[in-house]
């Protein structure tokens, strides 16, 4: 399957619903919106339906205000296009089984659940694949399309640091910049667009960081009281769990949030070789090998007493990752 | 002046000293090293002389171990190439007046102090200009050259967020990736490769952050005692000045370091519209409009009493930046 085959399936249909995964990120949004602008340029009817609202920094981007938020897809559509969904449940939407499904995704383990499936684990972002689809549809890149392609790539690669960033990735970015989009501006809006409360919270959480197991495990925590003190919201904690992972010593990070309902939310991150997904699944959670989480109905102390030794064991059991050439 | 003219001046000479500014950053290093590899590929003799050691995360990169650290340039050389130096004093090296000088730089206000000068404020990094020189010299891009060009661009743009990032910037990155360099790996080494002391220091500095002028001005400071307490080095402070600038409220940041010799080092950052270069130059420093610095021979309190009101005035005088159509 290829961009050309996806484009053919799109061309012969007239009305579409586009969707992406629940708790959407920049690539979920950018992929959907870029494809929506391209299909509309061809005179197609496009609805965007997502389960969860887009993160605040992206809401001002072109077209985003037109997204419908709903728990299910209904109404007529010749096809539903799922972007960034490795399995059909990832969208979190009821009713998808009633539609012709076109599945475009770059996540390893994609279940090929669609009637048309294009899966490319070599793409640094789903937006990279959408760029090829837009080209295969013969739609010129407008600033709106370019902005959303760049959003997907810049966020899914963490600013070109993660994933299979390739010549193709940068070639798309070159073409984005050629449209006259000031790429540094959306990047700043994406990465540098939060309240000062987040900066204060970052300071407080890192100051209180606990290091265990020869500094290989970093432990962060926050609660509503700390958020209030810093003038921050839960949105402001997004990504903070990754900060200690930049240190050479640290191979895993646990972030705990005591919640008002007596449960404790646990976010886990790790470097290649340390499997935190296995730890999260033991307590009913899930995720990826290096990014996982769970929610446990117990007080913080109890949760830490259980999770932290399990993480230390996961660190000890880590497979050494061979250095890649260069 | 152009890359071709610089290449002509380089081609007709045989022995070179390359240097960059004191307290080197990624672009200072990457620009020097990429040009060094290109000149050596042509059989030229190249020495690299810098006043200050390279930041730790870059020391493992190819060729860096061959740099000489010295307070002066001496010995025979047909020319000295200064990279990233807006005036000749920026290199911090004695003896430059005895040499034929080739000046390659992208800093606004370059004093054109060389015998050959190429200045391009439209380049996102000096390494962008060096890429053109390497091409004009007809030297194919090796992985070493590509790695250093990417280092310069990725660091000087703060991960493609700042400065005039253009189609040319991404085209160079595309060609870097074409050489087989895994750009995400050096990016991680550059940005996510520090000691845990940096994480602790980040926490402490942000916890102690002072907000002034309706949170439009953020003030950070550190000294040797805090570094020691955190197990951090001065290298670990690299880039921390940018963190508060991510907050919507903040339009300028000042970072102060009281030094053992009784002077105070001031780093300034700002959002578009606020000119911190003008503030730094009033106290004998320099830099870019949105990233500048100076060193003042006075105690911290005195320095703050002078600089902070000047910054508040610069914030008040800020030109509102019109939203760019996109």
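Chains as they are written, first to last, in the numbering used here: chain A, 103 to 428; chain B, 103 to 428.
The C-beta atom is built at its ideal place from N, Cα and C for all residues, glycine as well.
Whole-Å CB distance - residue i paired with residue j, under 8 angstroms assumed
{"i": "residue 109(B)", "j": "residue 235(B)", "result": "6 angstroms"}
{"i": "residue 151(A)", "j": "residue 195(A)", "result": "7 angstroms"}
{"i": "residue 186(A)", "j": "residue 207(A)", "result": "6 angstroms"}
{"i": "residue 309(A)", "j": "residue 305(B)", "result": "4 angstroms"}
{"i": "residue 142(A)", "j": "residue 119(A)", "result": "Contact flag wrong, Cβ pair sits at about 13 angstroms."}
{"i": "residue 379(B)", "j": "residue 276(A)", "result": "Not really, about 30 angstroms apart at Cβ, beyond 8 angstroms."}
{"i": "residue 328(A)", "j": "residue 335(A)", "result": "Contact flag wrong, Cβ pair sits at about 12 angstroms."}
Best match in the options for proximity to residue i [C-alpha to C-alpha]
{"i": "residue 217(A)", "options": "311(A), 199(A), 290(A)", "result": "199(A)"}
{"i": "residue 287(A)", "options": "242(A), 389(A), 384(A), 253(A)", "result": "253(A)"}
{"i": "residue 223(A)", "options": "103(A), 412(A), 337(A), 387(A)", "result": "103(A)"}
{"i": "residue 177(B)", "options": "186(B), 147(B), 189(B)", "result": "147(B)"}
{"i": "residue 192(A)", "options": "271(A), 281(A), 124(A), 245(A)", "result": "124(A)"}
{"i": "residue 337(B)", "options": "122(B), 157(B), 210(B), 262(B)", "result": "157(B)"}
{"i": "residue 127(B)", "options": "380(B), 339(B), 391(B), 271(B)", "result": "339(B)"}
{"i": "residue 227(A)", "options": "244(A), 267(A), 122(A), 175(A)", "result": "267(A)"}
{"i": "residue 359(A)", "options": "335(A), 402(A), 175(A), 344(A)", "result": "402(A)"}
{"i": "residue 307(A)", "options": "326(A), 289(A), 290(A)", "result": "326(A)"}
{"i": "residue 389(B)", "options": "405(B), 404(B), 406(B), 369(B)", "result": "369(B)"}
{"i": "residue 117(A)", "options": "179(A), 172(A), 394(A)", "result": "179(A)"}
{"i": "residue 121(B)", "options": "237(B), 173(B), 115(B)", "result": "173(B)"}
{"i": "residue 214(B)", "options": "262(B), 225(B), 184(B)", "result": "184(B)"}
{"i": "residue 362(B)", "options": "324(B), 239(B), 212(B), 271(B)", "result": "324(B)"}
{"i": "residue 284(A)", "options": "211(B), 272(B), 284(B)", "result": "272(B)"}
{"i": "residue 238(A)", "options": "106(A), 211(A), 367(A), 145(A)", "result": "106(A)"}
{"i": "residue 168(B)", "options": "221(B), 139(B), 114(B)", "result": "139(B)"}
{"i": "residue 144(A)", "options": "220(A), 393(A), 240(A), 189(A)", "result": "240(A)"}
{"i": "residue 391(B)", "options": "205(B), 219(B), 265(B), 261(B)", "result": "265(B)"}
Cross-chain neighbours of residue i in chain A, by beta carbon under 8 angstroms
{"i": "residue 298(B)", "result": "313, 317, 320, 346, 349, 350, 351, 352"}
{"i": "residue 381(B)", "result": "Near residue 381(B) there are no residues of chain A at all, since even the closest Cβ is about 21 angstroms away, more than 8 angstroms."}
{"i": "residue 376(B)", "result": "Those within 8 angstroms of residue 376(B) in chain A number zero; the least Cβ separation is about 14 angstroms."}
Sequence-distant residues of its chain with Cβ nearer than 7 angstroms to residue i (five each side left out)
{"i": "residue 420(B)", "result": "353, 375, 376"}
{"i": "residue 251(A)", "result": "132, 136, 229, 232, 233, 274, 278"}
{"i": "residue 408(A)", "result": "none"}
{"i": "residue 347(B)", "result": "355, 371, 373"}
{"i": "residue 427(A)", "result": "Caution applies to residue 427(A), whose pLDDT of 32 falls short of 50 and renders its modelled position unreliable; the model cannot decide the point."}
{"i": "residue 406(A)", "result": "358"}
{"i": "residue 188(B)", "result": "207, 209, 211, 212, 213, 388"}
Any non-hydrogen atom of the ligand FMN within 6 angstroms of residue i CB
{"i": "residue 244(B)", "result": "This structure lacks the ligand FMN; in fact it carries no ligand of any kind."}
Other residues of its chain near residue i: CB distance less than 8 angstroms, five sequence neighbours each side excluded
{"i": "residue 365(B)", "result": "397, 398, 399, 400"}
{"i": "residue 319(A)", "result": "313, 352, 353, 354, 355, 356, 410, 413, 414, 417"}
{"i": "residue 333(B)", "result": "297, 298, 299, 302"}
{"i": "residue 197(A)", "result": "174, 175, 176"}
{"i": "residue 115(B)", "result": "146, 180, 181, 202"}
Cross-chain neighbours of residue i in chain B, by beta carbon under 9 angstroms
{"i": "residue 233(A)", "result": "Going along chain B, no residue has its Cβ under 9 angstroms from residue 233(A), so there is no contact; the nearest lies around 13 angstroms."}
{"i": "residue 269(A)", "result": "275, 276, 277, 278, 279, 280"}
{"i": "residue 295(A)", "result": "348, 349, 350"}
{"i": "residue 166(A)", "result": "Result: empty, since nearest Cβ-Cβ is about 14 angstroms, beyond 9 angstroms."}
{"i": "residue 368(A)", "result": "Correct list: empty, because the minimum Cβ distance to chain B is about 20 angstroms."}
Amino acids of chain A, ordered along the chain, whose beta-carbon sits closer than 9 angstroms to that of residue i
{"i": "residue 306(B)", "result": "305, 308, 309"}
{"i": "residue 336(B)", "result": "Within chain A, no residue comes near residue 336(B); the closest Cβ sits about 17 angstroms away, beyond 9 angstroms."}
Contacting residues, own chain, Cβ-Cβ under 6 angstroms from residue i (five flanking each side not counted)
{"i": "residue 203(A)", "result": "182, 216, 217"}
{"i": "residue 425(B)", "result": "Residue placement at residue 425(B) is poorly supported in this model, since its pLDDT is 36, which falls under 50; the coordinates still yield a value, given next. Contacts found: none."}
{"i": "residue 281(B)", "result": "243, 245, 248"}
{"i": "residue 170(A)", "result": "151"}
{"i": "residue 322(B)", "result": "307, 311, 357"}
{"i": "residue 393(A)", "result": "371"}
{"i": "residue 210(B)", "result": "223"}
{"i": "residue 221(A)", "result": "207, 212"}
Contacts of residue i in chain B (Cβ-Cβ under 7 angstroms)
{"i": "residue 358(A)", "result": "The premise fails here: residue 358(A) is roughly 17 angstroms from chain B at the closest Cβ pair, so nothing lies under 7 angstroms."}
{"i": "residue 272(A)", "result": "272, 275, 276, 279"}
{"i": "residue 515(A)", "result": "Only positions 103 to 428 of chain A appear in this structure, which leaves residue 515(A) out of reach."}
{"i": "residue 343(A)", "result": "In chain order: nothing, as chain B lies at least about 12 angstroms away."}
Proximal residues of chain A, C-beta to C-beta of residue i below 7 angstroms
{"i": "residue 261(B)", "result": "261, 262"}
{"i": "residue 175(B)", "result": "None at all; the shortest Cβ gap to chain A is about 33 angstroms."}
Contacts of residue i in chain B (Cβ-Cβ under 8 angstroms)
{"i": "residue 236(A)", "result": "Here the premise fails: no neighbours, minimum Cβ distance about 18 angstroms."}
Would you check if the region 119-138 of chain A and the region 254-269 of chain A touch, i.e. whether three or more CB-CB distances between them fall below 8 angstroms? yes
Is there contact between the region 162-172 of chain B and the region 240-251 of chain B, where contact requires at least three CB pairs shorter than 8 angstroms? yes
Spell out a yes or no on whether the region 313-325 of chain B and the region 344-358 of chain B are touching, meaning 3 or more CB-CB pairs, one atom from each, closer than 8 angstroms. yes
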